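**Q** Numbering (my numbering), first residue to last: 46 to 401.
The beta carbon of each residue, even a glycine, is placed where N, CA and C say it ideally should be.
Bear in mind that the values here come from a model prediction, so they are computed numbers and not experimental data.
Sharing a structure, written as structure tokens. Questions coming.
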């Protein structure tokens with residue numbers, strides 16, 4: 046095919062979305078359309094027994110806020126303890142505490158810039174390295190509870206082990222104004238039975254718009270390029286999606302154009318950090334890929350899409366052609382043990398069906 050792209054929401058021009066079971070820090074309550082002049086706010090919750098260093102974390106999307114840097118005089122602000130909650134808001138933290146009677150043990154950061162859209166929006170919490178910790182895309186339509194839209198009630202996450210972006214996993218607060226810093230009381234218990242989404246994808250480690258290293262020099266790199274110790278310093282880099290495509294693509298669309306020569310294979314690498322216990326983590330990969338791809342995590346193949354069995358070489362063609370690339374969910378599932386605590390490398394080779 047003449048068109049190609051890869052993303053790994055990991056990877057690239059489509060490569061893929063990388064998800065890990067939502068078992069760390071989650072967005073669990075949101076006041077996006079308050080009544081009158083009441084403040085907007087978001088509650089984050091550490092649902093593990095592991096404390097997190099949150100110095101330098103960032104809230105990005107429709108609203109933006111930088112968490113405080115480490116300060117020896119206020120060292121407690123740099124950590125989110127086990128089972129603790131934190132409030133992010135659009136007003137002064139002191140005013141928010143006074144308005145809601147927030148206990149001093151609950152951290153309140155603000156004010157943020159921007160505003161949570163009433164019709165629906167998207168927000169992402171990122172750690173100091175830019176790695177997504179939790180992402181929420183909400184709406185006031187479809188499966189999302191309308192009672193949280195301008196009535197004074199909040200969106201409340203029902204089950205932190207299920208997909209955060211699924212409206213069926215959200216209810217509304219029984220109490221007007223919500224329960225910032227406390228345990229929310231659901232207005233209606235709506236069962237989240239057999240969601241169509243992959244239940245293991247809760248926290249996005251890599252997203253389609255992330256920056257990737259890539260090599261399109263039409264040169265056989267053998268197998269060394271997959272390893273964590275390989276130096277990709279001379280490779281080009283750019284945000285996803287990466288590739289060349291004339292037809293319409295899912296968001297965010299082509300952000301880095303890669304001219305296609307007479308070659309079958311393109312290489313991509315992404316270093317990322319995971320802070321947690323990898324023995325309890327299941328990963329899933331979503332992708333936007335034209336045509337085929339092979340995925341390697343820390344040097345080991347973890348899956349392939351539209352590629353023949355057996356050894357894959359630089360000259361191997363994909364086994365199927367993609368006419369119009371679309372997002373494909375859950376193309377690869379990676380069981381516990383492949384991810385490492387600390388630095389990881391996801392490497393992807395994308396293959397075309399032919400060179401024309």
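Pick out whichever of 333, 177 and 128 has its Cα sitting closest to the Cα of residue 293.
**A** If we check each option's Cα against that of residue 293, 333 comes out closest.
**Q** Residue 337: which of 322, 344 and 312 sits nearest, CA to CA?
**A** Of the candidates 322, 344 and 312, the one whose C-alpha sits nearest the C-alpha of residue 337 is 312.
**Q** Do residue 255 and residue 284 have their CB atoms nearer than 8 Å?
**A** Their beta carbons are under 8 Å apart, which means residue 255 touches residue 284 by this criterion.
**Q** Measure the Cβ-Cβ separation of residue 72 and residue 191 and say whether it is below 8 Å.
**A** No.
**Q** Which two residues bound the contiguous beta strand (DSSP E) that contains residue 38?
**A** The structure shown does not extend to residue 38, since the chain is modelled only from 46 through 401, so no value can be given for it.
**Q** Identify which residue in 280, 380 and 112 has its Cα closest to the Cα of residue 35.
**A** Because the chain here runs from 46 to 401, residue 35 falls outside it and cannot be looked at.
**Q** Taking the straight line between their C-alpha atoms, what separation do you get for residue 94 and residue 289?
**A** Taking the straight line from one Cα to the other gives about 45 Å.
**Q** Does residue 345 pass the burial test, meaning 16 or more other C-beta atoms within 10 Å, or should it be called exposed?
**A** Residue 345 should be labelled exposed.
**Q** Between the Cα of residue 186 and the Cα atoms of 180, 194 and 179, which residue gives the shortest distance?
**A** The candidate whose alpha carbon is nearest that of residue 186 is 194.
**Q** In the structure shown, what three-state DSSP assignment does residue 328 receive?
**A** Note: residue 328 maps to strand in three-state DSSP.
**Q** Measure the alpha-carbon distance for residue 114 versus residue 309 and round it to whole angstroms.
**A** Going by the C-alpha atoms only, they are around 46 Å apart.
**Q** CB residue 125 to CB residue 70, shorter than 8 Å?
**A** Result yes, Cβ atoms of residue 125 and residue 70 sit closer than 8 Å.
**Q** Short check: CB of residue 258 to CB of residue 277, under 8 Å?
**A** Closer than 8 Å, so yes.
**Q** Cβ atoms of residue 85 and residue 132: under 8 Å apart, would you say?
**A** Not in contact: residue 132 and residue 85 (Cβ atoms no closer than 8 Å).
**Q** Are residue 169 and residue 153 closer than 8 Å when you measure CB to CB?
**A** No, these two residues do not count as a Cβ contact at 8 Å.
**Q** So the alpha helix (DSSP H) residue 143 belongs to, where does it begin and stop?
**A** Segment 138 to 145, the alpha helix (DSSP H) holding residue 143.
**Q** Looking at residue 343: is its Cβ nearer than 8 Å to the Cβ of residue 390?
**A** Result yes, Cβ atoms of residue 343 and residue 390 sit closer than 8 Å.
**Q** Compute the distance between the beta-carbons of residue 398 and residue 366, then report whether it is under 8 Å.
**A** Contact flag set, yes.
**Q** Rounding to the nearest angstrom, what Cα-Cα distance links residue 358 and residue 340 in this structure?
**A** Going by the C-alpha atoms only, they are around 14 Å apart.
**Q** If residue 200 sits next to residue 75, beta carbons under 8 Å apart, how far is it from one beta carbon to the other, in whole angstroms?
**A** About 4 Å; that satisfies the 8 Å criterion.
**Q** Considering only the alpha carbon of each residue, which of 104, 147, 202 and 163 lies closest to residue 80?
**A** The shortest Cα separation from residue 80 among 104, 147, 202 and 163 belongs to 163.
**Q** Going along the chain, which residues of its own chain have a beta-carbon closer than 8 Å to the beta-carbon of residue 97, five neighbours each way excluded?
**A** Same-chain partners within the cutoff: 69, 70, 91, 124, 125 and 320.
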